[in-house]
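Chemist: Sequential numbering from 159 applies to the sequence shown in the working numbering.
Even glycine gets a Cβ: it sits at the ideal position worked out from N, Cα and C.
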Amino acid sequence: YVACAYRLLLDGTFPAFGTHDGKIIDKLIAYAKQHAIGQERYEFQFLYGIRRALQDRLRREGYGVRIYVPYGSSWYPYFTRRLAERPANLLFFLRSMFSK
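(1) By a C-beta neighbour count over all protein chains shown, 10 Å radius and 16 as the cutoff for buried, is Ile183 buried or exposed?
(2) Quick check: what's the CA-CA separation for Phe175 versus Phe202?
(3) Given this structure, state the Cα-to-Cα distance separating Pro228 from Leu249, to the nearest angstrom.
(4) Figure out for me which residue from Pro245, Thr238 and Phe172 has the closest Cα to the Cα of Gly196.
(5) Thinking just about the alpha-carbon of each residue, which of Asp169, Gly170 and Thr177 is nearest to the one in Tyr159?
(6) Give me whichever residues DSSP pairs with Gln203 in a beta bridge.
(7) Candidates Arg215, Tyr206 and Val223: which alpha carbon is nearest Phe237's?
(8) Assuming the contact rule is C-beta atoms closer than 8 Å, Ala190 and Leu212 should be a hit. Round their C-beta distance to whole Å, please.
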């Protein structure tokens, strides 16, 4: 993931990095700074309610942050698919929803 992300940053595209992993985010930021790639040339994307403190930190530091919010009649099937893909997501989800 990180190697592909570095390539996207260097290629001059506008990558949107969908990760909740703070270590990966910090690596990408450091790499972008090292290569003089401005904050306006990429963004981070998160699922709604996950890692809110990290989202806030990135916004305060001037990075673009988008939040994915499933809604409408498809939200529940999406949610159950995500849990079925990786049961550990349930614990991750509950921890994120009930922490501030």
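Modeler: Let me lay it out:
(1) Residue numbering aside, residue 183 sits at position 25 when the sequence shown is read from its first letter. The residue in question, Ile183, is buried, as its Cβ has 16 or more Cβ neighbours within 10 Å.
(2) Within the sequence shown, residue 175 is the residue found at index 17, counting from 1. Within the sequence shown, residue 202 is the residue found at index 44, counting from 1. Straight-line spacing of the CA atoms in Phe175 and Phe202 works out to 5 Å.
(3) On the sequence shown, position 70 is the one that residue 228 refers to. On the sequence shown, position 91 is the one that residue 249 refers to. Looking at the two C-alpha atoms, the distance is approximately 19 Å.
(4) Taking the first residue of the sequence shown as position 1, residue 196 is located at position 38. When only C-alpha atoms are compared, the closest one is Phe172.
(5) As a first step, residue 159 is located in the sequence shown; it is residue number 1 there, counting from the start. Sorting Asp169, Gly170 and Thr177 by C-alpha distance to the C-alpha of Tyr159 places Thr177 at the top.
(6) Taking the sequence shown and counting its residues from 1, the one referred to as residue 203 is at position 45. Looking at the DSSP assignment, Gln203 forms a beta bridge with Gly176 and Arg224.
(7) For the purposes of this step, residue 237 is taken as residue 79 along the sequence shown, with counting starting at 1. Of Arg215, Tyr206 and Val223, the residue nearest in Cα terms is Tyr206.
(8) For the purposes of this step, residue 190 is taken as the residue at position 32 of the sequence shown. For the purposes of this step, residue 212 is taken as the residue at position 54 of the sequence shown. About 17 Å; that fails the 8 Å criterion.
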